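J.: Chains as they are written, first to last, in UniProt numbering: chain A, 1 to 441; chain B, 1 to 441. Every residue gets a Cβ at the ideal spot worked out from N, C-alpha and C, and that includes glycine. Since we're looking at a predicted model, the values are computed, not measured. The structure follows.
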């Protein structure tokens, strides 16, 4: 008998990170990093489970969990092999469900829910294959990879034939690049020094530590106070020395005009990129800012809702670095589409990470990009934040500023059961101690 | 003692419209029109309640309800007068909550939930004022109206001062326009004839009925089959005669290239506009299609997620008609912003309606636009679909193809309690008879 999916279980897991101002920026002063977590179980004797999650920053994580639960009837009862053998088809079914798509379409809570479930399916597929996800993806033929992608709304920028040609171009060097990754890892940059809530002394200390740890790029949050930003940029530059790249991140703080003024004021400190200067929905705004602050590069993507918006950012030349997130667009499949778009337009992908578990996930996508899509690590770095990795069964491993290639089968998405219990919201023991403040005074 | 909000209750109400193929189009073959419904209650002796809802088409309505429930702590316990006297402030608090905004930002399920609650607040405010909403809005000064709008991410296209100037320009003629509206109503167009699921005979009969009822514009759904679309356009043109405007609506069916080809093939039938040719997220795609199918006008908006995307459509000249929806962007306040943007760019607003209750809501916004913002009814029409009005306490009234101006206090958003009970999902009596089919085979 072929095995079937027997359950899709969700849980609301929240970490009280706001207590330490970890993760504070101009738009998110007090995040409680959270996961709307999903476990897919089958009746297969192998006992493997698929784990995935949507990342949120606290309030609303229960809404995200409810959205994941709404996908239960799409999987439970179906044959595992049918679904895992055609994850392109499964993706289309979930994303284009004619009733659910009204809740987006392809954006926000429902799309992130699909992300969690799609990623859990990939985790399961990789565990069953006995491979880390990046290796599983790197073992797929160009034709199979193109079959994962939904080209709806993309064909004015990228056709299936063009995608196939891009992938075939890189097919030859895959083994050599896999070997390089397994030997040297993938470059990371450090965001931990630069949260807005930290004191100048803590900023200075963390900058020095990042350099000592081998990072060649750090990032500072900006956008709350220009004088403070200039002071913090100066401190960071002094602490890091002249050779370290210092990126800045405004977390959507500005309108177009104020963005240009603020960035121009910080230009003397030579920011490596300026990230999320304005609304992630404003492709024209990003293009206008890019044009007016050149040669300072603009980066964005962690809040970009789907491949259609990424397509437009690329069509306009609005970004010089494209930042994918593993859990906002609809999972692995849509990120493959976005990696292909970036390759077509020649824009380096520098993934967003941090939060809880985002580093664990996105490292697989960056490494797959290197092996099979862009074929390059030039000017490419994965964000690294040293938070909450201890809650994962297969946590990221960082050595001298680089992500080591994951070796365990799966998507590195499995959170320790004891962490899921301890940080369960609102009934877990940790939340019995933390009183949740009301959202209004 | 000043009164406070004492409860925010949600309910999941679904109508089994898919049984009759009402509402079927190229992307939504079998919608069950649904409302994630919210009732705000206070301890005021006036006994007024604020009613609002997010509209969905079936599956996922429970997710939408959960999102509305997540807003409960933002209102319950607060003083009613404080909130209702500063609905601009209340809007900002809900939309910019630093944790909830991660779930969007400003899009999808969470934004639609805010829409439902913001609209319920306006319903309550209008009931307390003893005015239909459109009259309440029309009684506000230009300064008060500008105070409702969040200009974040808009100032490269529209500043508060420009908005104020636009509103002051129309302030003089308000009384005369109110009198015209109360006498003659506001033009409507009829979508009921054109659903894809209907037979040719039914299409012909409904076209004739629409003309006999006084409508001067109808709309056909297209995009599933080109030959069938040409045949249906021919039937509609014959049945309506040469003087009736026939708009077409593709419901996001096409990529850019195929959109241009399909619309070009339908051009001989002189469509009045082509609606939603592609993804609502693709502002560049809309601009490209507009350019290539000119002079056929492009319309969009029912799925446009927020004011930032509307801004870009207008900046690019990508649409000739802008279609607001009362319950997708974050309620009245954001629609005031969008009406102001449209006025700035000189683009007529022709609201989306239909579904359940959308006609009831959006008529107020179109009438407010006429009285206080655009000052014009030229080439402006509100969509009208003759479904489910019987479930509302203050249903729309249509005479000779025009919406009569609502007279009852409030936002016309109150659904009859017996309808909410009967169609409650999944436990109401109607759903005890209809078995819900599984979403997959």
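(1) My understanding is that residue 423 of chain A touches residue 80 of chain A, with C-beta atoms under 8 Å, so please give their C-beta distance in whole angstroms.
(2) Using a Cβ-Cβ distance cut-off of 7 Å, determine whether residue 328 of chain B contacts chain A.
(3) Does the separation of the CB atoms of residue 263 of chain B and residue 256 of chain B fall below 7 Å?
(4) Where do the ends of the beta strand (DSSP E) carrying residue 219 of chain A lie?
(5) Hey, does residue 59 of chain A have any beta-carbon neighbour from chain B nearer than 7 Å?
(6) Mind listing the chain A neighbours of residue 219 of chain B? Cutoff is C-beta to C-beta under 9 Å, in chain order.
(7) Looking at residue 107 of chain B and residue 305 of chain B, is the spacing between their C-beta atoms short of 7 Å?
(8) Could you tell me whether the stretch 138-153 of chain B touches the stretch 60-69 of chain B, using the rule of 3 or more Cβ pairs below 8 Å?
(9) Of the choices A/74, A/217, A/199 and A/89, whose alpha-carbon is the least far from that of residue 40 of chain A?
(10) Please name the residue or residues paired with residue 40 of chain B in a DSSP beta bridge.
(11) Tell me whether the beta-carbon of residue 50 of chain A lies closer than 7 Å to the beta-carbon of residue 124 of chain A.
(12) Output needed for residue 76 of chain A: all residues of its chain with C-beta closer than 7 Å, excluding positions within five of it in sequence on either side, in chain order.
(13) What separation, rounded to the nearest whole angstrom, lies between the Cα atoms of residue 156 of chain B and residue 95 of chain B?
(14) If we count the other Cβ atoms within 10 Å of its Cβ and call it buried at 16 or more, is residue 478 of chain A buried or exposed?
(15) By Cβ distance, which residues of its chain are closer than 6 Å to residue 386 of chain B, with the 5 residues on each side in sequence left out?
(16) Under a Cβ-count criterion, where at least 16 other Cβ atoms within 10 Å of its own Cβ denotes burial, should residue 294 of chain A be classed as buried or exposed?
(17) Identify each residue in the stretch 88-107 of chain A for which the Cβ-Cβ distance to at least one residue of chain B is less than 9 Å, and report them in chain order.
(18) Give me the Cα-Cα distance between residue 38 of chain A and residue 425 of chain A, rounded to the nearest whole angstrom.
(19) Find the residues of chain B that neighbour residue 7 of chain A, judging by a C-beta separation of less than 7 Å, and give them in chain order.
(20) Which residue's Cα is closest to the Cα of residue 324 of chain B: B/316, B/342 and B/315?
(21) Would you say the stretch 204-216 of chain B touches the stretch 168-184 of chain B, given that touching needs at least three Cβ pairs under 8 Å?
(22) Which of helix, strand or coil does DSSP assign to residue 130 of chain A?
(23) Starting from residue 421 of chain B, trace the alpha helix (DSSP H) in both directions and tell me its first and last residue.
(24) If contact is defined by three or more beta carbon pairs under 8 Å, each pair taking one atom from either stretch, is the stretch 166-174 of chain B in contact with the stretch 371-379 of chain B?
(25) Jot down the residue ranges of each uninterrupted alpha helix (DSSP H) in the stretch 150-234 of chain B, minimum 4 residues, whole runs only, in chain order.
(26) Could you say which of A/3, A/42, A/29 and A/33 lies nearest to residue 358 of chain A if we only look at CA atoms?
(27) Return the first residue and the last residue of the alpha helix (DSSP H) that residue 342 of chain A is part of.
(28) With DSSP run on the structure shown, which of helix, strand or coil describes residue 259 of chain A?
(29) Just checking: is the beta-carbon of residue 33 of chain B within a distance shorter than 7 Å of some beta-carbon in chain A?
(30) By DSSP, does residue 108 of chain A sit in helix, in strand, or in coil?
(31) Determine whether the Cβ of residue 126 of chain A lies closer than 7 Å to any Cβ atom of chain B.
(32) Counting only Cβ pairs nearer than 7 Å, list the residues of chain A close to residue 162 of chain B.
(33) Closer than 7 Å by C-beta to residue 163 of chain B: which residues in its own chain qualify, once you throw out the five before and the five after it? Chain order, please.
(34) Tell me, which residues are paired with residue 300 of chain A by DSSP?
(35) What is the residue span of the alpha helix (DSSP H) that residue 289 of chain B lies within?
(36) Which chain A residues are close to residue 314 of chain B, counting only those with a beta carbon under 8 Å from its beta carbon?
T.: Taking the definition as stated:
(1) With a Cβ gap of about 29 Å, residue 423 of chain A and residue 80 of chain A do not count as contacting.
(2) It does not: the Cβ of residue 328 of chain B has no partner Cβ on chain A nearer than 7 Å.
(3) The answer is no: Cβ separation not under 7 Å.
(4) For residue 219 of chain A, the enclosing beta strand (DSSP E) starts and ends at 217-221.
(5) At least one CB atom of chain B sits nearer than 7 Å to the CB of residue 59 of chain A.
(6) Simply none; closest approach about 19 Å.
(7) The Cβ-Cβ distance between residue 305 of chain B and residue 107 of chain B falls below 7 Å.
(8) The stretch 138-153 of chain B makes no contact with the stretch 60-69 of chain B: fewer than 3 CB pairs, one atom from each, lie closer than 8 Å.
(9) Ranking the options by Cα distance to residue 40 of chain A, first place goes to A/74.
(10) BP columns for residue 40 of chain B point to B/8 and B/50.
(11) In terms of Cβ geometry, residue 50 of chain A and residue 124 of chain A form a close pair [threshold 7 Å].
(12) Contacts found: 5, 6, 7 and 8.
(13) Using only the alpha carbons, I get a separation of about 20 Å.
(14) Only positions 1 to 441 of chain A appear in this structure, which leaves residue 478 of chain A out of reach.
(15) Once the five neighbours on either side are set aside, the close Cβ partners of residue 386 of chain B are 192.
(16) Flag for residue 294 of chain A reads exposed.
(17) Residues of the stretch 88-107 of chain A that bring their beta carbon within less than 9 Å of a beta carbon in chain B comprise 93, 96, 97, 98, 99, 100, 101, 102, 103, 104, 105, 106 and 107, in sequence order.
(18) Rounded to the nearest angstrom, the gap between the Cα atoms of residue 38 of chain A and residue 425 of chain A is 14 Å.
(19) Below the 7 Å Cβ cutoff, chain B contributes no neighbours of residue 7 of chain A, its closest Cβ being approximately 16 Å away.
(20) Among B/316, B/342 and B/315, the Cα nearest to that of residue 324 of chain B belongs to B/342.
(21) No, the stretch 204-216 of chain B does not touch the stretch 168-184 of chain B.
(22) Assigned with DSSP and collapsed to three states, residue 130 of chain A falls in coil, not helix or strand.
(23) In the DSSP annotation of this structure, the continuous segment of the alpha helix (DSSP H) that includes residue 421 of chain B starts and ends at 417-422.
(24) A contact exists between the stretch 371-379 of chain B and the stretch 166-174 of chain B.
(25) Considered as a whole, the stretch 150-234 of chain B harbours 160-171, 174-184 and 200-212 as its complete alpha helix (DSSP H) runs of no fewer than 4 residues, in chain order.
(26) Measuring from the Cα of residue 358 of chain A, the nearest candidate turns out to be A/33.
(27) Start and end: 331-345.
(28) Here residue 259 of chain A sits in helix by DSSP.
(29) It does not: the Cβ of residue 33 of chain B has no partner Cβ on chain A nearer than 7 Å.
(30) Residue state for residue 108 of chain A is assigned as helix, using DSSP reduced to three classes.
(31) Answer no: the Cβ-Cβ gap between residue 126 of chain A and chain B never drops below 7 Å.
(32) In chain order: nothing, as chain A lies at least about 14 Å away.
(33) Around residue 163 of chain B: 146, 149 and 340.
(34) Partner(s): A/322.
(35) Run containing residue 289 of chain B: 283-293, per the alpha helix (DSSP H) assignment.
(36) Near residue 314 of chain B there are no residues of chain A at all, since even the closest Cβ is about 10 Å away, more than 8 Å.
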